[in-house]
Every structure is written in structure tokens, then in C-alpha cells.
Amino acid sequence: MKQGKLKFASSKHTASASGAKKALAKSKSVVRSNAEGTTDIKEEAKKISIKPRSSSNSSLPEPSKSDSNDQPSLEPLPHLNIKDPRWRKLFADAKAKRNRQPLIHCTGQNEVHQILRVFDLNYDYGPCIGVTRLERWERAQAMGLNPPLEIRDILLTSEGVADESYSECVFYGEV
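Under the UniProt record's numbering, think of the first position of the sequence shown as 1, with each following residue one higher.
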């Protein structure tokens, strides 16, 4: 068996949306059918509407809704205690994952920030770009990847919800 040669000069086909191809073919046929040439390209571009991909994941299961008789509980979110001994084991694991190297870009940040940074940089739970840390944790949980429960506990505190340095990915605002 011999491997075939790749042609690098060929055009790249990256669009996978068949609707966009149909719309493009339709607009080309309209332009060709107009013999006078009075059709403006901007008008044709306005006619073509390509729907953007939705940011919500339809494959994730919807959370079950409680009975309509239940009153929604408005309990205040717990406060994040940075010195809590629950974070010690997670911080030790995070430190071991980065080979006990000092973090250059974490000056002035606490241990919880370092734990969340290691969670972001761990590819075992999927990509972290474009989603919040809690959304990424929930996606990993739905896929059966077993992310650490302590991460969710950190993110469901009042600071984890309100402060972007806790809720958003380490690359938020950079990429």
C-alpha cells in the first residue's frame, strides 16, 4: 500500500454549514441571471443571512425543575474563606501538578487563585476559552470527567459569583 500525495495548492474547504453553501450558490445564480449587471453586491450580501452558532450546548442535560409549589429559596451565598483547611489538599495537588515551580503571573494572588489557575490549565476537563469556570466545571461533570467538587464550592461562593478573577478563566480578557 502506498500513501497518496497531498496537493497543497488546492483550495481549503473549512465551511461545514450546508446552509451557507446553498445561500452562496443561490446568490451566485441570482447575480448571473441578471444580464444588465445592475445588481449591487451589497444588496446581495444583505440577502444572505448566515445564522451564528449558538453559545449554549444543546447536548448538555437541562437541570431538573422543582415543583411549582416550592418557593425559590433566596439563601445568601457563603463567604469564601481563603484560610479554610479544605483548600490545603487541593492547593498541595495544584502545586504538585506544576512541579512545585513558583508561578510568575500570580504575584499578589492568593492560594485559591492558584488552585483555579491550575484547574484552567488542566486539559482533562476540556477547553477553558470562552466559558466561565463554573460552566466548564458543569460541562465536565455532565461528560463524566469528575472535576474536583472543591472547585465548584469555590465558584459557588459570593466572591466566586461576583468577582471576575474567580469566575472567569485565567485567559479572560487576554484572548
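For every residue, glycine included, the Cβ atom is placed at its ideal position computed from N, Cα and C.
In the three-state DSSP reduction, Glu-75 falls in the coil class, being neither helix nor strand. Taking C-beta atoms as the reference points, Gly-126 and Arg-139 count as a pair closer than 8 Å.
With respect to the 8 Å criterion, Ile-115 and Ala-94 are classified as neighbours on the basis of their beta carbons. In the structure shown, His-113 falls within a helical segment according to DSSP collapsed to helix, strand and coil. Here Asp-120 is buried: its Cβ has 16 or more other Cβ atoms, across all protein chains shown, within 10 Å.
In this structure the segment 98-117 touches the segment 76-83; the number of beta carbon pairs closer than 8 Å is three or more. For Lys-95, the enclosing alpha helix (DSSP H) stretches over residues 86-97. If you draw a straight line from the Cα of Ser-165 to the Cα of Asp-153, it is about 15 Å long.
One thing to note: Leu-77 has its Cβ no nearer than 8 Å to the Cβ of Glu-150. The beta carbon of Glu-159 lies closer than 7 Å to those of Leu-80 and Tyr-166 in the same chain, with the five residues before and after it left out. Assigned with DSSP and collapsed to three states, Phe-119 falls in helix. A residue is called buried when at least 16 other Cβ atoms come within 10 angstroms of its Cβ; Leu-155 meets this threshold and is buried. Using a Cβ distance threshold of 8 Å, Val-118 and Arg-133 do not count as a contacting pair.
Going by beta carbons, Leu-145 and Asp-124 fall inside the 8 Å limit. Note that the C-beta distance between Cys-128 and Phe-171 is below 8 Å. Boundaries of the alpha helix (DSSP H) harbouring Tyr-166: 164-167, taken from the DSSP string.
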